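J.:
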Amino acid sequence: MQILSIRKIIFCIIIPHMVEARKPNENEGSSGKTNETKRSPIQNLCFESNGDDHKATILLSKKVYIDNIYLMRNENPENINGYVVDKVIKKKDYKFEGNDIEVNLSELDLDKDNKIAYSFKIDESGGSFQSEAFKYDKKDNKFKLVREIKGGFLGFSWTTILYVGLVVIGVLICLFILMKIMNR
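If you use mature numbering (1 follows the signal peptide of the UniProt record, and there is no 0), the sequence shown corresponds to residues -21 to -1, 1 to 163, in order.
(1) If we require 3 or more residues per run, which beta strand (DSSP E) segments fall completely within the segment 83 to 117?
(2) Bridge partners for E27 per DSSP, in chain order?
(3) Assuming the contact rule is C-beta atoms closer than 8 angstroms, I101 and I59 should be a hit. Round their C-beta distance to whole Å, please.
(4) Please state the DSSP three-state secondary structure of V64.
(5) Whole angstroms is fine: what's the gap from Y115's alpha carbon to S28's?
(6) Around the C-beta of F108, are 16 or more other C-beta atoms found within 10 angstroms, so that it is buried, or is it exposed?
(7) Between the beta-carbon of L39 and the beta-carbon of I80, is there less than 8 angstroms?
(8) Suppose you measure from the CA of G106 to the CA of L151; what does that come to, to the nearest Å?
(9) For the ligand FMN, is there a heavy atom less than 7 angstroms away from the beta-carbon of L157?
(10) Please return the same chain residues whose Cβ sits closer than 6 angstroms to the Cβ of N53, not counting the five positions on each side in sequence.
(11) Under 8 angstroms between the Cβ atoms of I21 and S110?
(12) Give the C-beta separation of D90 and V82 to the nearest angstrom, bearing in mind that I take them to be a contact with Cβ-Cβ under 8 angstroms.
(13) Mapping the DSSP letters down to three states, classify I45 as helix, strand or coil.
(14) Straight-line CA distance for L141 to F155?
(15) Tell me the residue span of the beta strand (DSSP E) that contains K69.
(16) Out of D119, C25, N23 and K94, which one is the CA nearest neighbour of D31?
(17) Taking the alpha carbon of K42 as the point to measure from, which residue in N162, S19, D88 and E57 has its own alpha carbon closest?
(18) Assign N52 to one of three DSSP states: helix, strand, or coil.
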């Protein structure tokens, strides 16, 4: 349990991932279109697997008052508007722990071919918020965020190049300062 708490701290404080969600307006029609946006309280997701039982922890930045939680699915993750309700999460299948929500998922809820993207949608009286998309890989028994799958090697290599470049620049600046001091 200690490891999960450290993970929550890392995901909530060090690398928060905020997504924009739409807030419905009383004056708008059933289309749900509005120019007003507000920050989603959903910061990130953590997953734990134990055989056929899985637990997803939805990390929140504040307390939310849940009307409903849905497991959404999208067979074409490139289309961000293609999410449909796959399952309504019952109250017995989730619990609050602090500001976080732990959702129990079974093997039956998830695609075994790693083709379908999922996300959680939380309905609250002030609007609805959707989590980042994720996929389940049956072979590895792991969950992966879609952005991690898309970024893959290319995303890793750019960040690595950036950090190495910053270190090299820092070393060169230090050497330049040392040379100035030595020449006096």
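Using N, Cα and C, we set each Cβ at its ideal position, and we do this for glycine too. This one's a predicted model, so the numbers in the text were calculated from it and none came from an experiment.
T.: Taking the coordinates as given:
(1) 96 to 103, 106 to 109 and 113 to 116
(2) K34
(3) So it is not a contact: roughly 17 angstroms between Cβ atoms.
(4) strand
(5) 11 angstroms
(6) buried
(7) yes
(8) 51 angstroms
(9) You won't find the ligand FMN in this model; it holds no ligand whatsoever.
(10) G61, Y62 and A96
(11) yes
(12) About 17 angstroms separates the two Cβ atoms, so there is no contact after all.
(13) strand
(14) 21 angstroms
(15) No beta strand (DSSP E) contains K69, which DSSP labels as neither H nor E.
(16) D119
(17) S19
(18) According to the sequence provided, residue 52 is Arg. The question's Asn does not apply to it. In this structure, R52 counts as strand in the three-state DSSP scheme.
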